[in-house]
Amino acid sequence: MKARKRPLFPTIVLGAVLLLLNLPILAVAINSLNAGDTVTDWTGVSLRWFGEIIGDDRIRAAFWNSVVIGLLATVVSVVIGVMTTLAARLLPKRAQTAFTLTTYARLILPEVVTAVGLYLLFSYLGIGFGVATVVVGHALFCSAYATVVIQARYAGISDRYADAAADLGARPMRAFRRVTVPLLAPALFVSALLSFAFSFDDVLSTTFLSGPDTETLPILMMGMIRQHVTPEVNAIAATVMIVTLAAVALLVAVTNVRSVAGTRDRPQS
Amino acid sequence: MNQSGEWAVLELRRLRRSYGDKVVVEGIDLALEDGEFFSLIGPSGCGKTTTLRMIAGLENSTSGTIVLEGRDVTGMPAYDRNVHTVFQNYALFPHLTVAENIAFGLKEKHGKGRDVRDKVQHMLKLVELAGREHARPRELSGGMQQRVALARALVLDPAVLLLDEPLGALDLRLRRQMQLLLKQIQHEVGITFVYVTHDQEEAFSMSDRVGVMDQGVLVQVGTPRDVYGRPATPFVADFVGARNQLTAKVIAQEADTADVDIPLFGRRRAPTAGGLGSEAIVIIRPEVATLARSGTGAKFTVEDVSFQGPQTSVLVQGGAGVSLTLVRPSHTIPAGLVRGEQVVVDIAGEDLWVIPTR
């Protein structure tokens, strides 16, 4: 028997789309290895620019700022997401709708609006701009994403698990820890990843809320590109990519997220 | 404990639950003996599950008292009550293995590692799931999940085990198997079972006593034989399968018998619990009426013959709009009986049961 032939046209379209989507990433990765001084001038393969960025205090500082802000924004966002989810179900139906609206407002409103709003608020309150204000700015929209993800998962977990836990002698906090959190784990994981990713590459809110002394990686890279595009920027981008992928791989390996989700299929014996 | 038999293991006193104006459970009084298999039956929405959830502590009562092993537990939260539940859809924790599910409650009670393991193993054997302790609930069949749910609750040695339509999701053959297993386990562990179901046959075959609920009211409590043979109201009679109900004139009544004039059949002296007016409802259980091609009795026309193996169900239609369903041993049915034939149906007074009109 001849293997079933794959239809040609859709295959070509699919290939082209995938290529186009991933081409920028490829371009960044290749260019980061350029030994030359400009991106237009390929003079050979080298790790020269990686060395340069590691040795650059300003880039290192910006990287750590981004990581710290990202982690803080993630923790705040996931906690808000869980608390919002749990609080919503205690409200009467109508209040629940209004409550949900506050979440969606943060998703839908242009980021520039919320950023300016926070800028004005912090200025009015006389709060100094820095890491904390950026974290608040990021958590504002990251927590909305986290809430949506966690709420969706929570809706799929019926109250009967909480009932069963209580029936078997678990006090509310114990039931939360032993049943609700493990069942929510996949959503917590996904919302954490989303929050970190959104925070890590945010430019808009950060521009308004970071103040003169706090520079994040995307802000720094924007500045660098404005002067002239060096392979240094590509090296930064490539490094971020590698670090991110490694972090995700590590998290998946450590938390074994698939078994937490309970989706791993084992053959029946 | 209830060694002396001075108090019931579980007592409900005027237990009531309403949501706003809607009364779901209307003042239930019930006392259960230690080690009893009690079933709460009734159509869906009659309040039986709400009653069960109030006993479990998962639902608050509006008023009334719940006494467990002589202690008032009315306001006590579910996690402190020595009552455990087998839920309708099992509610097994999907992120835990079979063994971890069974050990869940033991860990809440600070069981020691070795002790927990032993108890879990014992339970696995009891519910015939030894060797499956590392499986996840989703890898098990419905019947197996059911047994895990049972083990998870039983391992805590509750004063009362609550079962909320535990077999509802299983097919008929598996249901029968599980019924036998449940009964056998109940006998073995000697724990009081409160079993909620809408299937009266299931309740009858397993229970020491049953309680019939209708619109939040516990209408009748008794042994299955009692409830079936001597239903208190037309609703109970109908629900337990005694659907032939004829309105008859009451000629005379004594303490436990009444002389009634039954349409088509005439005068009979039948047992009753009394309280009759000038008219009463006579219940003719489907198995008590005899049927023949000729002889004495009232004349009927056969509407339908349905052969069911050991028994045959015959629907007959008489004058004055009286129709009866008869269920007789198949060998007593005249050979070749078909729709449209004339038959005679007879009833003996002592097989009937007379109740007041509603």
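Protein chains in written order, with the working numbering: chain A, 1 to 269; chain B, 1001 to 1358.
Every residue, glycine too, gets a C-beta built ideally from N, C-alpha and C.
(1) So what's Ala1292 (chain B) in DSSP terms, helix, strand or just coil?
(2) Quick one: what does DSSP say Tyr1019 (chain B) is sitting in, helix, strand or coil?
(3) Helix, strand or coil: which one does DSSP assign to Val1127 (chain B)?
(4) Go ahead and label Leu1124 (chain B) buried or exposed: buried means 16 or more other beta carbons lie within 10 angstroms of its beta carbon, across all protein chains shown.
(5) Please go through the same chain and pick out, in chain order, the residues whose beta-carbon is closer than 6 Å to the beta-carbon of Gly1105 (chain B), but skip the five residues on each side of it.
(6) Do you know whose CA, among B:Pro1310, B:Ala1280, B:Leu1326, lies nearest Thr1301 (chain B)'s CA?
(7) Scan the segment 151 to 174 of chain A for residues whose Cβ lies nearer than 7 Å to a Cβ of chain B and list them as they occur along the chain.
(8) Pull up the CB-CB distance for Gln1311 (chain B) and Pro1329 (chain B), whole angstroms please, since I reckon it's below 8 Å.
(9) Using a Cβ cut-off of 8 Å (strictly closer), state whether Pro182 (chain A) contacts chain C.
(10) Please confirm whether Thr1257 (chain B) and Ala1270 (chain B) have their CB atoms less than 8 Å apart.
(11) What would DSSP say about His951 (chain B), mapped onto helix, strand or coil?
(12) My understanding is that Val1305 (chain B) touches Val1345 (chain B), with C-beta atoms under 8 Å, so please give their C-beta distance in whole angstroms.
(13) Leaving out five residues before and five after Val28 (chain A) in sequence, what residues of the same chain have Cβ atoms less than 8 Å from its Cβ?
(14) Starting from the beta carbon of Val179 (chain A), find every residue of chain B whose beta carbon is closer than 7 Å, and list them in chain order.
(15) Along chain A, in chain order, which residues have C-beta atoms closer than 7 Å to that of Tyr1079 (chain B)?
(16) Can you give the Cα-Cα distance for Leu1163 (chain B) and Arg1293 (chain B), rounded to whole angstroms?
(17) Excluding five sequence neighbours on each side, which residues of the same chain lie with their C-beta closer than 7 Å to the C-beta of Met1076 (chain B)?
(18) Where do the N-terminal and C-terminal ends of the alpha helix (DSSP H) with Gly81 (chain A) fall, by residue?
(19) Mind checking if Thr1051 (chain B) is an interface residue toward chain A, Cβ cutoff 8 Å exclusive?
(20) Which residue or residues does DSSP assign as beta-bridge partners of Ser32 (chain A)?
(21) At least one CB of chain A closer than 8 Å to the CB of Gly1035 (chain B): is that the case?
(22) Return helix, strand or coil for Leu118 (chain A), following the three-state DSSP convention.
(23) DSSP three-state label for Ala1335 (chain B), please.
(24) Rounded to whole angstroms, what is the Cα-Cα separation between Ala1242 (chain B) and Ala162 (chain A)?
(25) Kindly indicate if chain B contains any beta-carbon less than 8 Å away from that of Arg266 (chain A).
(26) Can the beta-carbon of Leu188 (chain A) be found less than 8 Å from the beta-carbon of Val78 (chain A)?
(27) Thinking Gln1186 (chain B) and Phe1038 (chain B) are a contact (beta carbons under 8 Å), I'd like their distance in whole angstroms, please.
(28) Would you please verify whether the beta carbon of Arg1152 (chain B) is less than 8 Å from any beta carbon of chain A?
(29) Taking its Cβ as the centre, do 16 or more other Cβ atoms sit within 10 Å of His1110 (chain B), making it buried, or is it exposed?
(30) For the alpha helix (DSSP H) containing Asp1259 (chain B), list its first residue and its last residue.
(31) Gly1211 (chain B) touches chain A at which residues, Cβ-Cβ below 9 Å?
(32) Please check if any C-beta of chain A sits within less than 8 Å of the C-beta of Leu1126 (chain B).
(33) Can you have a look at Leu120 (chain A) and say buried or exposed, based on whether 16 or more other CB atoms are within 10 angstroms of its CB?
(34) If I measure Cβ to Cβ from Thr103 (chain A) and keep anything under 7 Å in the same chain, skipping five residues before and after, which residues do I get?
(35) Helix, strand or coil for Asn1002 (chain B)? Go by DSSP, reduced to three states.
Let me spell this out:
(1) strand
(2) strand
(3) coil
(4) buried
(5) Leu1156
(6) B:Leu1326
(7) Arg160, Tyr161, Asp163, Ala164, Ala166, Asp167, Leu168, Gly169, Ala170, Arg171, Arg174
(8) 6 Å
(9) This model lacks chain C altogether, as its protein chains are A and B.
(10) yes
(11) There is no way to answer for residue 951 (chain B), as the model of chain B reaches only from 1001 to 1358.
(12) Not really, about 14 Å apart at Cβ, beyond 8 Å.
(13) Asn234, Ala237, Ala238, Met241
(14) Phe1093
(15) Ala166, Gly169, Ala170, Arg171
(16) 47 Å
(17) Gly1057
(18) 57 to 88
(19) no
(20) None; Ser32 (chain A) has no bridge partner.
(21) no
(22) helix
(23) coil
(24) 41 Å
(25) Here Arg266 (chain A) scores only 37 on pLDDT, less than 50, and its place in the model should not be relied on; the value that follows carries that caveat. Chain B, which has a Cβ nearer than 8 Å to the Cβ of Arg266 (chain A), makes this yes.
(26) yes
(27) No, Gln1186 (chain B) and Phe1038 (chain B) are not in contact; Cβ-Cβ is about 11 Å, not under 8 Å.
(28) yes
(29) exposed
(30) Where Asp1259 (chain B) is concerned, there is no enclosing alpha helix (DSSP H), although the beta strand (DSSP E) it sits in stretches over 1257 to 1262.
(31) Here the premise fails: no neighbours, minimum Cβ distance about 22 Å.
(32) no
(33) exposed
(34) Thr84, Ala144, Thr147, Val148
(35) Low per-residue confidence applies at Asn1002 (chain B): pLDDT is 41, beneath 50, and the placement is therefore not dependable, though the value from the model is reported in the following sentence. Reduced to three states, the DSSP call for Asn1002 (chain B) is coil.
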